[in-house]
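Chains as they are written, first to last, in the working numbering: chain C, 15 to 233; chain Z, 15 to 233.
C-beta: ideal position from N, C-alpha, C; glycine also.
In what follows, a structure is listed as structure tokens, so that the remarks can point back to it.
Protein chains: 2
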Amino acid sequence: MLNEAINLEILPEAGGEPERRVRDRGATERAILAAAKGLLAEHGFQNFGINAVARRAGCDKQLIYRYYGGLDGLVEAIGADLGTWVKDRIPEDAGGMFLLTYGDLMERLSLLLLDALRDDPLMRRILAWEISENTEQVRRLSEARSKALALWLERMRGSLAPPKGVDAAAVNAVIIAAIQHLVLAAASGGQCAGLSLKTSKDWEKAATALKRIVRGVYG
Amino acid sequence: MLNEAINLEILPEAGGEPERRVRDRGATERAILAAAKGLLAEHGFQNFGINAVARRAGCDKQLIYRYYGGLDGLVEAIGADLGTWVKDRIPEDAGGMFLLTYGDLMERLSLLLLDALRDDPLMRRILAWEISENTEQVRRLSEARSKALALWLERMRGSLAPPKGVDAAAVNAVIIAAIQHLVLAAASGGQCAGLSLKTSKDWEKAATALKRIVRGVYG
DNA sequence: CCCCACTGTCACCAATCGGTGAGTAGCGAG
DNA sequence: CTCGCTACTCACCGATTGGTGACAGTGGGG
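Below is the structure:
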């Protein structure tokens with residue numbers, strides 16, 4: 015009743031807006047995906063639902079069920095999109111750089127990852143989601159993300175080998191953990207463990223500390 | 015209607031349970047607080063709401079409004095409780111240990127923090143919450159948590175001074191970030207950046223890597 | 001031309017949410 | 001015993017959730 019009244023009032027002549035949704039499935043699918051990604055990036059997974067996505071995409075939620083098979087399928091589609099993260103973020107000249115030692119490499123990689131995460135809200139939200147929930151939905155997404163990350167690292171690593179006597183896998187995991195948490199904490203609270211992370215000067219300090227740590231283990 | 019039916023079916027004789035809630039405000043308040051903490055620890059902040067807490071506490075949600083002024087007040091009460099975290103977790107003999115260098119201290123602190131977080135589900139959930147949302151609710155909680163942590167660190171530090179030429183605050187923040195993220199990732203996905211974190215053997219590897227990192231910066 | 005598949009819309013469902021106002025039950029003071 | 005305070009419960013509110021079935025408009029192929 016109410017909805018009817020509102021629609022009748024708003025729809026017929028909304029000031030020369032696009033008079034009617036064009037019948038273009040592809041465009042609609044893209045709009046839905048974009049809406050989902052935007053919603054996730056801007057507001058996180060808290061109020062992420064069918065209704066919200068449909069509202070933002072400007073279409074009926076029924077279409078989400080039809081085209082993606084529901085939220086799960088939509089999330090999976092986002093995960094598939096995540097594969098492009100690598101090539102969007104990789105500086106292609108990485109191979110041509112003068113990375114003499116494994117320490118050089120890891121220092122550079124750490125800072126690159128830090129910056130990449132720092133200006134990728136969607137990836138951050140997914141990361142946070144991954145940490146807060148453990149549903150099948152999230153697990154799929156997480157898998158896609160971690161695969162993208164692994165690919166990125168692998169590609170950057172090239173032929174450089176880690177120093178012997180160090181469990182590089184474990185050490186790198188710890189370093190990556192630090193980077194991810196720093197970025198997440200900064201994005202939500204502006205600080206981490208008492209260290210403010212707002213201004214670029216703050217970030218310089220953090221980056222310096224990170225470099226020092228990497229150099230400490232890898233020389 | 016439905017609720018009525020269910021209540022009539024379950025409440026009157028649930029196998030010799032306490033026949034009736036005793037009129038004891040203090041006990042009820044404690045029950046509510048415990049329910050909230052348990053709910054948060056077990057299922058996270060996702061389905062954390064008035065209804066869920068009241069259901070678990072076995073009382074009407076109205077009481078939560080009356081005694082705590084709603085969810086916000088309840089969360090605040092949880093935050094206040096967090097102050098006790100320190101004395102529950104601190105090995106009191108810490109001052110008597112042979113911590114000769116700042117590196118010794120930080121190594122020990124790192125491992126202690128790692129273990130403390132590893133078996134404190136509530137603290138982990140709060141940490142995750144802190145990272146995923148930025149409401150006033152969470153901010154208060156976060157403040158309480160970070161104060162507890164700071165107190166803990168301060169108490170452990172004693173009179174040992176960090177080495178000169180190192181931004182200890184920043185470096186420690188990075189280390190703490192790493193620890194927190196490792197524990198969070200492990201608790202939700204069982205791994206971090208490809209490093210499995212399930213068995214105690216896995217954790218030994220992580221701890222070794224962490225030690226190596228700490229020693230790398232602080233010698 | 002008509003028909004049918006496809007795109008999109010709408011109305012409705014049960015369930016749950018946070019929140020509130022009104023009422024009941026028990027205990028202690030007078 | 002009665003009164004009144006307090007602990008507690010209940011019934012309801014509007015809003016929103018995920019989900020479904022029926023319908024409308026359109027365009028292309030027979």
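Straight-line Cα distance separating Z:I189 from Z:L96: Rounded to the nearest whole angstrom, the CA to CA distance from Z:L96 to Z:I189 is 22 Å.
Inter-stretch contact (C-beta, 8 Å, three-pair minimum) for the region 152–166 of chain C and the region 168–187 of chain Z: Too few Cβ pairs lie closer than 8 Å, so no.
CB contact check: Z:D129 to chain C, cutoff 9 Å: Nearest CB-CB separation between Z:D129 and chain C: not below the 9 Å threshold.
Contact check, C:V231 vs Z:G233, beta carbons under 9 Å: Not closer than 9 Å, so no.
Neighbourhood of C:F59 by C-beta, 7 Å cutoff - its chain only, sequence neighbours within 5 removed: R139, W143, listed in sequence order.
Those residues which DSSP pairs with C:L209 across a bridge: Residue pairing by DSSP places C:L209 opposite C:C206 in a beta bridge.
Span of the alpha helix (DSSP H), counted from its first residue to its last, around C:G63: Note, C:G63: premise wrong, no alpha helix (DSSP H); not H, not E.
Whether Z:I92 touches Z:K75 by CB criterion (9 Å): Cβ distance not < 9 Å, so Z:I92 and Z:K75 don't count as in contact.
Beta-carbon proximity of Z:E43 to Z:Y79, cut-off 9 Å: Cβ distance not < 9 Å, so Z:E43 and Z:Y79 don't count as in contact.
Chain C contact residues for Z:S146, given Cβ-Cβ distances below 8 Å: Neighbours of Z:S146 across chain C, judged by C-beta separation under 8 Å: G58, F59, Q60, A142, W143, I145, S146, S202.
Closest Cα partner of Z:S210 within the set C:H195, C:N186, C:G204, C:A207: Nearest C-alpha to Z:S210: C:N186.
Residue environment, C:I218, which counts as buried when at least 16 other CB atoms sit within 10 Å: Per the sequence shown, the amino acid found at residue 218 of chain C is Glu instead of Ile. Exposed, by the Cβ-count rule.
Segment limits, alpha helix (DSSP H) that includes C:L114: Counting along the chain, C:L114 falls outside any alpha helix (DSSP H), and DSSP gives it neither H nor E.
Outcome for C:S214 when other beta-carbon atoms lying within 10 angstroms are tallied against a minimum of 16: By the neighbour-count rule (16 or more Cβ atoms within 10 Å), C:S214 is not buried but exposed.
The region 145–155 of chain Z touching the region 191–211 of chain C, judged by at least three CB pairs closer than 8 Å: Short answer: they touch.
Exposed unless 16 or more other CB atoms sit within 10 angstroms - verdict on Z:S173: Exposed, because fewer than 16 other Cβ atoms sit within 10 Å of the Cβ of Z:S173.
Same chain only: Cβ atoms within 6 Å of C:R103, ignoring 5 sequence neighbours per side: Sequence-distant Cβ neighbours of C:R103 in its own chain, meaning closer than 6 Å and more than five residues away, are A130.
8 Å Cβ shell around C:Y116 - same chain, five flanking residues per side excluded: Excluding residues within five positions, the ones whose Cβ falls inside 8 Å are L174, A175, P176, P177, A182, Y232.
Neighbour list for C:K219 in chain Z, Cβ cutoff strictly below 7 Å: Near C:K219 (Cβ distances below 7 Å), the residues of chain Z are D181, A184.
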